[in-house]
Structure formats: structure tokens, C-alpha cells
Amino acid sequence: MKIQRIRGVKDILPNEIWKWQYIESVAHKIFPRYGFNEIRLPIFEDTRLFSRSIGDTTDIVEKEMYTFKDRGGDSITLRPEGTASVVRAYIENKMYNPPSVLKMFYMGPMFRYERPQAGRLRQFNQVGVEAMGSPGPIVDVEIMTMVMEFLKELGLADIKLEINSLGSQECRPQYRELLKTEIEKHIDQLCDNCTARYQRNPLRVLDCKAKECGNVAEGLPKLIDHLDPASAEHFAEVRSLLDSIGTPYSVNPKLVRGLDYYNRTAFEVTSQNLGSQNAICGGGRYDTLVEELEGPSTPCFGFALGLERLVSLIPFNESSDLQKHPDVYIVCLGEEAKSMAFEIAHQLRAKGLSVERDYEMASMKSQMRKANKFQSRFTLIIGENEIRSGKLILKNMDSGEQKECTTEELVSEISEPEVDTQ
RNA sequence: GUGAGCGUAGCUCAGCUGGUAGAGCACUCGGUUGUGGUCCGAGCGGUCGCGGGUUCAAAUCCCGUCGUUCACCCCA
34 MKIQRIRGVK DILPNEIWKW QYIESVAHKI FPRYGFNEIR LPIFEDTRLF SRSIGDTTDI
94 VEKEMYTFKD RGGDSITLRP EGTASVVRAY IENKMYNPPS VLKMFYMGPM FRYERPQAGR
154 LRQFNQVGVE AMGSPGPIVD VEIMTMVMEF LKELGLADIK LEINSLGSQE CRPQYRELLK
214 TEIEKHIDQL CDNCTARYQR NPLRVLDCKA KECGNVAEGL PKLIDHLDPA SAEHFAEVRS
274 LLDSIGTPYS VNPKLVRGLD YYNRTAFEVT SQNLGSQNAI CGGGRYDTLV EELEGPSTPC
334 FGFALGLERL VSLIPFNESS DLQKHPDVYI VCLGEEAKSM AFEIAHQLRA KGLSVERDYE
394 MASMKSQMRK ANKFQSRFTL IIGENEIRSG KLILKNMDSG EQKECTTEEL VSEISEPEVD
454 TQ
């Protein structure tokens, strides 16, 4: 049987890699403006890192992790998300006492064993951002603003920023109990799923998509009405800061994040053009995770953004300059020309030009067709006549004009006068 | 883990109620001596996912299996 790729993974082929490189370049342009530097971390970790940070009873840890024993018998897990690794690295490398808030971003593959569907893969790429060391709402707002700016720079339209507050470790348990008792009053009106899970995770009833639960949820108490005073104030400041710089958002009291470590501000960026998995970015504040992993008390804020989903949303122009084409395609006729083409290609590449050529001895028509398919800006024609006269023919493939020039003149003829934009 | 749809040339698909496969695009080569993109012509290309069953005969019906897509769940 032919070996094929693992279920739920994707090959990113050379003809679309420019899209990814473009996104990466925009990240490297925007994030440093806010003081974020890249960090590169292992894609596998000690399994306990994830069970302790993400939460033992979350779906991710219960049934979605790629966990295996390595040859030494240690339990290893392919990272299902990036924050845990960043926090581990922060503690392990004692990156305490930065001059200001410690700000980092990362990009790379994450792994979750789920049934693949539109916008959901088993290996997928995220770009994530973490700011460590400030409890204040300014960080929350700066980062949410940065995401929106990043997405705007990439040309996304029709995206929404939704925010909520998940409260604190103090008020949330109280609210959960209140919610449970309220839900019990309507227990017969819930969908089967929620009937089964409301005891364990009552917050999930709030954003259940089933109509019957939606009706019940309308009448249930909202967490943002039951925040402890400090969290309520924090949330009010977040909203007022967002307002002050005119970042559009909406409060979604039903927004619940799936990872246990979040508290206070939680947010999502969604798009209606993604299919059923409509979140492109999700994140929030996690003030106690560092402590839970045995580091010093360090309040943090971060998010993760799905790159596959992002790629599918960006309105790429297929004829964009981002796609790389050769500066020149060399057409050669005859053995002598073939060896001359070899030398000239070498010289032009050494001067920084990208050169494509015919490697066989195809007919001229065939070679010209290939030059066209490569969308090269110029075609350099070398035949017996050109070798005899020492003047090569350089053809501009847009205008169709061609002129004779010596090998010395080639570089200046081909080089573009315009300056790089990036 | 649950449910539904789909698996025919490199790609997108047609092939009604069974009679040993087609189109468009792509690719290759041509349209007279060394010039692309448009146009015209020719050509290459398929164990019809795999296995079994029914039948004189199956891409077409039945069963199984694998893959895939979408949805639930959950999330990026």
C-alpha cells in the first residue's frame, strides 16, 4: 500500500508558501513595535507540563493529546498549545526581572488528536504572544489592539473582537455554584449534552449551540454581573481603554475559554467566513499559571492565533508580487550555447539575480513557453549567432521588446530600478 | 467518540434505472528554417479507492474496508 500522510495533517507546497512567508513577515514587522521578541521552543514536553497547566479535566488533556513514551520510558507529549511551554521556559531560564514586562511571541506547529474538519487539523500552526509580569488592563488592551492591527495589516475584513471577564479564583467558584442551582431549575429544558455536563462544567451551558439551552441561558445569571470588585474594576478599565483608542469590540458574556488557566479578561476574534470553527484567535489573562508551575507570582496575558485559518481568510491576490518569479530565463540553442548559459547563469546569480533556465535541449518554442510559465521578467537568448557576435538577446517578457547587449551589460539591464518595499 | 456526504485521468467533474470509460483544464509536440502569452491541430494519460458478493455481464446493484469532506463535541 502506498504510504500517505497522517490523517489531519497538511503539506504546505512551494506554490503557496509565499502566503505563509508573508504572514510571518508581517508578524515580524508588527509585533516588535509593541516590544515582542521571538522565542523558539521545543515541540514536545514532559506530559505533566500540559496536564498541570491546561487542566486535567479539559478536553485537550483528557482526549486530544499525542502522548507517548520515549525510549527512556518518559512520558512525552507533542505540544497542544504554546503557552505552557513559554511559562516553563520562563521559569526554567529564570527570565525574571526584565527591564519591563517580558514580551515574547512564537510560531510553529501544535498537535491535537481531533476529528479533522474545515479549519481543524491534527497538526496546525499557531502564532502566539505572551506578555509576562503585569496585572494591569493596559497590557490586555495593548495586546488585543495589536492583534487587530496585525489582522488589519493582512487585509482581513469582517472580523469581530469579543471580550468577556472570567473573574477570579475567588468569585468564579461562587458563581459556578449559583449557576448550578439556577440551571437545576430548568434541568428538563436542557439538551442531553448539557443535562449530562452541567454539574461538571456549568459554564458550558451558557454557550451551548442547542436552541433549548440558548433559551435557558438567556435567563441565567451572567458571570460579569457577579465579578468580585477588583475583577469588575479591571474589566471596566479594559473597556474604557478600548473605547479611548476606538478599538471596536463587543462584550460576549457567554464567551468561555477551554483552558483552565484563564482568569479575568478573555477574548476571541471571530470571522463568519470560516465555517463552523469561527475563531481565528483566542486568548486572555492568566495570572496564576506561573505560580502553579512553581515560578514566582507573575500575572500574564497572551493569545494564540490559528495560521491555517488565517491563510484561508486573507484575500490573497494570486498575481501578487509576493510570489517569486525568476528575473531572467535563459534560452539556449546548441551545445556551445548550453555551456555559455551555464557560465552566465552563475555570474548573474552571483550578482543577486534569480535565474531559471532550460536544462535539456528543448526547441526554442518549448523554451520560450517555459519562460512564460515561469513568468520571468526577461528572457536571455543565446544561440550560434549570439555567440559569434558576442551580443546576446535580452527580451522583456511584458513588453515583448528585445535588445542586444553584452554579458557585461546584462546585470544593469535586468536589475530593477525600484527599491524593495519590505 | 457520534452522524451524514463523497471516493472515475495530474486537477474539476460527467457517466439516468448494469453491457468492458468521457469532457474541460493541465501536460507534451506541432502550426516550415531561432521567439512565449491568444488561437488552431495532434498526442500522452484511468487496476473507475481496495476486498468480497449478485449477474452471462458492474464504474454503475449489495456487503465490508480504507481514505476523505462536512457537522456534533471542542477549539486556533
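FYI, my numbering numbers position 122 of the first sequence as 155, with every residue one higher than the one before it.
We treat Cβ as the ideally placed atom computed from N, Cα and C, and that holds for glycine.
- Query: From what residue to what residue does the alpha helix (DSSP H) around glutamate 217 run?
  - Reply: Counting from 1 along the first sequence, the entry for residue 217 is found at position 184. Secondary structure note for glutamate 217: its alpha helix (DSSP H) is the uninterrupted segment 204-217.
- State yes or no: is the C-beta of arginine 155 within less than 7 Å of the C-beta of glycine 41? If you number the first sequence from 1, residue 155 lands on position 122. If you number the first sequence from 1, residue 41 lands on position 8. Their beta carbons are under 7 Å apart, which means arginine 155 touches glycine 41 by this criterion.
- So does the segment 338-350 actually touch the segment 42-61, counting three or more Cβ pairs closer than 8 Å? yes
- Coil, strand or helix - serine 387 by DSSP: Indexing the first sequence from 1 puts residue 387 at position 354. In this structure, serine 387 counts as coil in the three-state DSSP scheme.
- CB contact flag (glutamate 215, leucine 253, <7 Å): For the purposes of this step, residue 215 is identified with residue 182 of the first sequence, where counting begins at 1. For the purposes of this step, residue 253 is identified with residue 220 of the first sequence, where counting begins at 1. Yes, Cβ-Cβ distance for glutamate 215 and leucine 253 is below 7 Å.
- Bounding residues of the beta strand (DSSP E) (the contiguous stretch that carries glutamine 150): What you label residue 150 is simply residue 117 of the first sequence in a count that begins at 1. Premise fails: glutamine 150 is in no beta strand (DSSP E) and is neither H nor E.
- Item | Supposed contact pair proline 142 and asparagine 130 - C-beta distance, whole angstroms, cut 8 Å | Within the first sequence, the letter at position 97 stands for residue 130. Within the first sequence, the letter at position 109 stands for residue 142. Not quite, the Cβ-Cβ distance comes to about 32 Å (not below 8 Å), so this is no contact.
- Once you ignore the five residues that flank threonine 454 on each side, which residues in its own chain have a CB closer than 7 Å to its CB? Translated into positions along the first sequence, residue 454 becomes position 421. Residue placement at threonine 454 cannot be trusted, given a pLDDT of 43 that sits under 50; what the coordinates show is reported in the next sentence. Answer for threonine 454: no residue qualifies.
- Could you give the uninterrupted runs of the alpha helix (DSSP H) lying entirely in the segment 324-381, keeping only those of 4 residues or more? Taking only runs of at least 4 residues, the alpha helix (DSSP H) segments lying wholly in the segment 324-381 are 340-346.
- Leaving out five residues before and five after alanine 60 in sequence, what residues of the same chain have Cβ atoms less than 8 Å from its Cβ? Working through the first sequence from its first residue, we reach residue 60 at position 27. Closer than 8 Å at the Cβ level, and outside the excluded window around alanine 60, lie Phe138, Met140, Val160 and Phe183.
- Query: proline 113: which of Ile76, Phe101 and Lys43 sits nearest, CA to CA?
  - Reply: Translated into positions along the first sequence, residue 113 becomes position 80. Nearest option by C-alpha distance: Ile76.
- Message: Quick check on DSSP: helix, strand or coil for asparagine 306?
- Response: Translated into the one-based positions of the first sequence, residue 306 becomes position 273. Three-state result, asparagine 306: coil.
- Going by DSSP, name the residue or residues bridged to methionine 137. Start at 1 with the first residue of the first sequence, and residue 137 comes out as number 104. The partner list for methionine 137 (beta bridge, DSSP) reads Asn70 and Glu163.
- Task: Can you tell me which of the three DSSP states glycine 252 falls into?
- Result: Here residue 252 refers to the residue found at position 219 when the first sequence is read from its first residue. If DSSP states are grouped into helix, strand and coil, glycine 252 belongs with the helices.
- Going by the CB atoms, is the gap between threonine 116 and glycine 335 shorter than 7 Å? Working through the first sequence from its first residue, we reach residue 335 at position 302. Working through the first sequence from its first residue, we reach residue 116 at position 83. Contact: yes.
- Task: Under 8 Å by Cβ, that's how I've got lysine 424 and glutamate 437 pegged, so tell me the actual separation to the nearest angstrom.
- Result: Translated into the one-based positions of the first sequence, residue 424 becomes position 391. Translated into the one-based positions of the first sequence, residue 437 becomes position 404. Yes, they are in contact, since the Cβ atoms of lysine 424 and glutamate 437 sit about 4 Å apart, within 8 Å.
- With burial defined as no fewer than 16 other Cβ atoms inside 10 Å of the residue's Cβ, what is the status of glutamine 400: buried or exposed? For the purposes of this step, residue 400 is identified with residue 367 of the first sequence, where counting begins at 1. By the neighbour-count rule (16 or more Cβ atoms within 10 Å), glutamine 400 is buried.
- Message: To the nearest angstrom, how far is the alpha carbon of glutamate 301 from that of valine 271?
- Response: Within the first sequence, numbered from 1, the residue matching residue 301 stands at position 268. Within the first sequence, numbered from 1, the residue matching residue 271 stands at position 238. If you take the alpha carbons of glutamate 301 and valine 271, they lie about 15 Å apart.
- Could you tell me if phenylalanine 375 is buried or exposed, where buried requires 16 or more neighbouring beta carbons within 10 angstroms of its beta carbon? Locating residue 375 in the first sequence gives position 342, where the first residue counts as 1. When all chains shown are included, phenylalanine 375 counts as exposed.
- Query: Tell me the DSSP bridge mates of phenylalanine 194?
  - Reply: Taking the first sequence and counting its residues from 1, one reaches residue 194 at position 161. Note on identity: in this sequence residue 194 is leucine, with phenylalanine being the wrong assignment. Bridge pairing for leucine 194: Val302 [DSSP].
- 7 Å CB neighbourhood of glutamine 408 in its chain, flanking five on each side removed: Within the first sequence, the letter at position 375 stands for residue 408. Excluding residues within five positions, the ones whose Cβ falls inside 7 Å are His358.
- Compare the C-alpha of aspartate 293 against each of Leu135, Asp320, Arg66 and Met98 and name the closest. Indexing the first sequence from 1 puts residue 293 at position 260. When only C-alpha atoms are compared, the closest one is Asp320.
- Message: Tell me the rounded alpha-carbon separation between glutamate 442 and lysine 62.
- Response: In the first sequence, counting from the first residue as 1, residue 442 sits at position 409. In the first sequence, counting from the first residue as 1, residue 62 sits at position 29. Cα to Cα, glutamate 442 sits roughly 36 Å from lysine 62.
- Message: I'd like the ranges of any beta strand (DSSP E) spanning at least 3 consecutive residues and lying wholly in the segment 394-443.
- Response: 411-415, 425-429 and 435-438
- With DSSP run on the structure shown, which of helix, strand or coil describes valine 284? Position 251 of the first sequence, counted from the start, is the residue given in the question as residue 284. Valine 284 falls in the strand class under three-state DSSP.
- Query: Which ranges would you report for the beta strand (DSSP E) in the segment 71-122 if only whole runs of at least 3 residues count?
  - Reply: 77-79, 99-102 and 108-111
- Task: Could you tell me whether the Cβ atoms of serine 118 and glutamate 71 are closer together than 7 Å?
- Result: Here residue 118 is taken as the residue at index 85 of the first sequence, counted from 1. Here residue 71 is taken as the residue at index 38 of the first sequence, counted from 1. No, they are not a contact pair.
- Query: lysine 96: which of Ser277, Arg145 and Leu355 sits nearest, CA to CA?
  - Reply: For this step, residue 96 is matched to residue 63 along the first sequence. The option with the nearest alpha carbon to lysine 96 is Arg145.
- Around the Cβ of phenylalanine 101, are there at least 16 other Cβ atoms within 10 angstroms (buried) or fewer (exposed)? Here the question's residue 101 lines up with position 68 in the first sequence. That one is exposed.
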